[in-house]
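Heads up, the thing below is written out as structure tokens.
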Amino acid sequence: MEPAEAGGGISAARSSPAAVQATNDDAAASKLTNEHVGGGTAQPPSAQTVQELVDSFSGQLPGRIHDKEKSPAGVPVEETDLASYRRDWEKSWGDKCGSFEFYSCVRAMLFTCKRTPPQAGVKTCLQIFSIRVVEINGAYLEWPLEVYGLVATRDSMDHNRNIIFRLRRDACQLLTQQDPFLALTGPAHAIIFTGPVDIEIQLKVKGRTTEHEDKDFISKVLVYERDPSDKLADAGIGNQDIMRTSCFGELCSLQITSALIAEAVEATVISAEVIEGLWPPKSGIRVVSGTASIDEDFVLLDARDGTLRVDPADGVIPITRNVVCVEKDGRLKLSIEAYRKMGRMYAISVTELIPKRSSASIAICKLPFCMVEFTVAWSCLVAKVDDLRKYGI
35 MEPAEAGGGI SAARSSPAAV QATNDDAAAS KLTNEHVGGG TAQPPSAQTV QELVDSFSGQ
95 LPGRIHDKEK SPAGVPVEET DLASYRRDWE KSWGDKCGSF EFYSCVRAML FTCKRTPPQA
155 GVKTCLQIFS IRVVEINGAY LEWPLEVYGL VATRDSMDHN RNIIFRLRRD ACQLLTQQDP
215 FLALTGPAHA IIFTGPVDIE IQLKVKGRTT EHEDKDFISK VLVYERDPSD KLADAGIGNQ
275 DIMRTSCFGE LCSLQITSAL IAEAVEATVI SAEVIEGLWP PKSGIRVVSG TASIDEDFVL
335 LDARDGTLRV DPADGVIPIT RNVVCVEKDG RLKLSIEAYR KMGRMYAISV TELIPKRSSA
395 SIAICKLPFC MVEFTVAWSC LVAKVDDLRK YGI
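Residue numbering for the sequence shown follows the working numbering, starting at 35 and increasing by one per position.
In structure tokens:
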């Protein structure tokens with residue numbers, strides 16, 4: 035694979051730690067020492083290092099499944115209002131799943147360092163790339179907008195909220211006509227598409243002075259339907275198809291860009307660190323992941339404005355999205371881009387990883403001024419939360 039820009043360069047990542055507890059899947063084990071496109075000379079992380087990284091990252095997520103927390107205030111898609119959806123959800127799932135406002139407590143990296151049970155494997159997943167405001171009602175609103183609220187999914191594995199976007203009123207996001215994309219931070223775990231996937235949207239626009247002036251920007255639920263008799267998605271057909279779904283409210287319209295990833299495993303980008311050289315203090319950063327079969331960026335960090343400072347003491351690049359899905363026989367692409375003050379990209383480096391069903395991988399990107407190391411954890415998936423309870427997870 036060639037560098038995307040002269041001066042950027044690519045270094046293949048390290049082979050994964052053979053010492054990490056292997057799964058009972060022979061095919062996965064056979065990939066432990068051949069996971070990268072190209073060669074590499076960096077030393078693999080130890081099993082203890084991987085476990086510590088997984089534990090540290092998992093500590094930021096909800097705990098065991100029964101420890102519920104409350105949230106603050108090419109596929110057929112049905113749009114419904116939030117009030118009627120909530121009534122239907124409480125009738126169907128309230129007894130089993132608790133409050134409508136509970137977060138999902140299923141976390142990522144479930145089988146990274148554990149034996150993979152028979153119920154776990156590759157699954158069809160819904161990958162949400164972006165959500166943007168397409169149009170606003172000019173009679174009531176004008177750009178720029180200060181937006182807060184939440185966007186969450188619910189799938190057949192766990193009918194509680196899997197947060198995609200969430201901001202409090204005192205930490206709004208400023209949306210402009212030039213940059214109308216929500217700064218997504220989720221999902222917290224892969225979105226399983228073995229049944230319908232619901233996307234709950236509750237967004238508000240902050241008023242000029244008091245909360246009383248705030249407006250309901252949009253409150254809707256989109257239901258992505260799945261025909262149980264349809265085997266096309268499981269067979270990987272349509273993986274290249276990008277879905278751009280519109281959602282309409284009285285004050286705005288949104289567009290959700292997504293795709294189905296068939297026979298997918300979960301990849302969690304645990305960390306990104308400058309391990310050699312320094313990140314230029316005034317340079318913006320953009321970190322992107324993607325898959326070989328889909329030409330769409332999954333943005334892990336967008337700090338092109340240059341306001342983010344990478345501390346030379348630890349070199350940590352604080353990515354804001356971590357969990358992405360990739361086909362088991364595909365490639366996970368990772369790229370890091372450097373930007374000047376005016377928003378012009380001047381350096382880029384790209385690397386690829388061969389997916390695995392468990393364990394972890396190290397990927398390295400070389401830029402003219404520094405070397406960046408990514409740590410990626412892999413995990414199989416389950417279709418139902420009950421499958422996890424059987425193993426005390």
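We put the beta carbon where it would ideally sit given N, CA and C, even for glycine.
Give every residue of the same chain whose Cβ lies closer than 8 Å to the Cβ of residue i, excluding the five residues on either side of it in the sequence, and list them in chain order.
i      : result
Glu259 : Val109, Pro110, Val111, Glu112 and Pro230
Pro221 : Ile162, Thr187, Asn196, Ile197, Ile198 and Val357
Met405 : Ser45, Val308, Ile309, Glu310, Gly311, Ile398 and Cys399
Pro364 : It should be pointed out that residue 364 corresponds to Gly in this sequence rather than to Pro. Thr325, Ala326, Ser327 and Pro389, listed in sequence order.
Trp177 : Ile170, Leu209, Thr210 and Gln211
Leu422 : Ile99, Val140, Leu144 and Val416
Run the CB neighbour count on residue i, radius 10 Å, all protein chains shown included, and call it buried at 16 or more, exposed below.
i      : result
Arg188 : buried
Val350 : exposed
Asp336 : buried
Pro352 : exposed
Asp192 : buried
Gln236 : buried
Arg378 : exposed
Ala205 : exposed
Gly150 : The sequence given here has Thr at residue 150, not Gly. Classification of Thr150: buried, given that the 10 Å Cβ count is 16 or more.
Leu312 : exposed
Ala117 : exposed
Val419 : buried
Lys125 : exposed
His223 : buried
Val416 : buried
Leu208 : exposed
Ala173 : exposed
Ala347 : exposed
Ala52  : Annotation note: pLDDT 35 at Ala52 (below 50); position unreliable, coordinate value reported separately. Looking at its Cβ environment, which holds fewer than 16 other Cβ atoms inside 10 Å, Ala52 is exposed.
Lys240 : buried
Val168 : exposed
Arg338 : buried
Glu371 : buried
Arg242 : exposed
Ala61  : Interpretation of Ala61 is limited by its pLDDT of 36, a score under 50 that renders its predicted location unreliable; no figure is taken from the coordinates.
Thr67  : With a pLDDT of 29 at Thr67, under the threshold of 50, the modelled position of that residue is not reliable, and the figure given next carries that caveat. Exposed is the call here.
Where does residue i sit, in a helix, a strand or coil, going by DSSP?
i      : result
Ala224 : coil
Arg166 : strand
Ser413 : strand
Glu371 : strand
Leu422 : helix
Arg278 : strand
Arg4   : Residue 4 is absent from the structure shown; the chain starts at 35 and stops at 427.
Glu247 : helix
Ala381 : strand
Ala296 : strand
Ala217 : coil
Glu407 : strand
Residues in the same chain with beta-carbon distance under 6 Å from residue i, minus the five sequence neighbours each way, listed in chain order, please.
i      : result
Val185 : Ile198, Phe199 and Ile235
Val322 : Asp331, Val333 and Ser369
Lys362 : Val156, Glu297, Val299 and Pro389
Ser164 : Phe215 and Thr291
Arg98  : With a pLDDT of 36 at Arg98, under the threshold of 50, the predicted position of this residue should be treated as unreliable, though the coordinate-derived value follows. There are no such residues.
Ile233 : Thr187 and Leu256
Gln289 : Arg166, Val168, Arg278 and Ser280
Round the Cβ separation of residue i and residue j to the nearest angstrom and send it over; I've been treating them as touching at under 8 Å.
i      : j      : result
Phe251 : Lys238 : 5 Å
Leu256 : Thr291 : The pair is not a contact, with the Cβ atoms about 13 Å apart (cut-off 8 Å).
Ile170 : Cys286 : 5 Å
Ser449 : Ala142 : Residue 449 cannot be examined here, being either before or after the span of the chain that is shown, 35 to 427.
Ser253 : Asn194 : 19 Å between Cβ atoms; not a contact.
Phe403 : Pro314 : 6 Å
Cys359 : Cys159 : 4 Å
Val303 : Val410 : 6 Å
Gly340 : Lys367 : About 24 Å separates the two Cβ atoms, so there is no contact after all.
Ala217 : Thr114 : Incorrect: roughly 26 Å between the Cβ atoms, too far for contact.
Phe408 : Ala306 : 5 Å
Can you list, in chain order, the residues of its chain whose CB lies under 7 Å from that of residue i, leaving out five sequence neighbours each side?
i      : result
Phe282 : none
Leu342 : Ile319
Leu175 : Val239 and Leu285
Gln153 : Val416 and Asp421
I want to check one thing, is the minimum distance from the CB of residue i to the heavy atoms of the ligand SAH below 8 Å?
i      : result
Ala142 : Absence of the ligand SAH is noted for the structure shown, with no ligands found whatsoever.
Next item on the list: Jot down the residue ranges of each uninterrupted beta strand (DSSP E) in the segment 303-354, minimum 3 residues, whole runs only, in chain order.
Entry: 318-325 and 328-337
Margin query: What ranges does the alpha helix (DSSP H) occupy inside the segment 105-174, keeping only unbroken runs of at least 4 residues that lie completely in it?
Written below: 116-131
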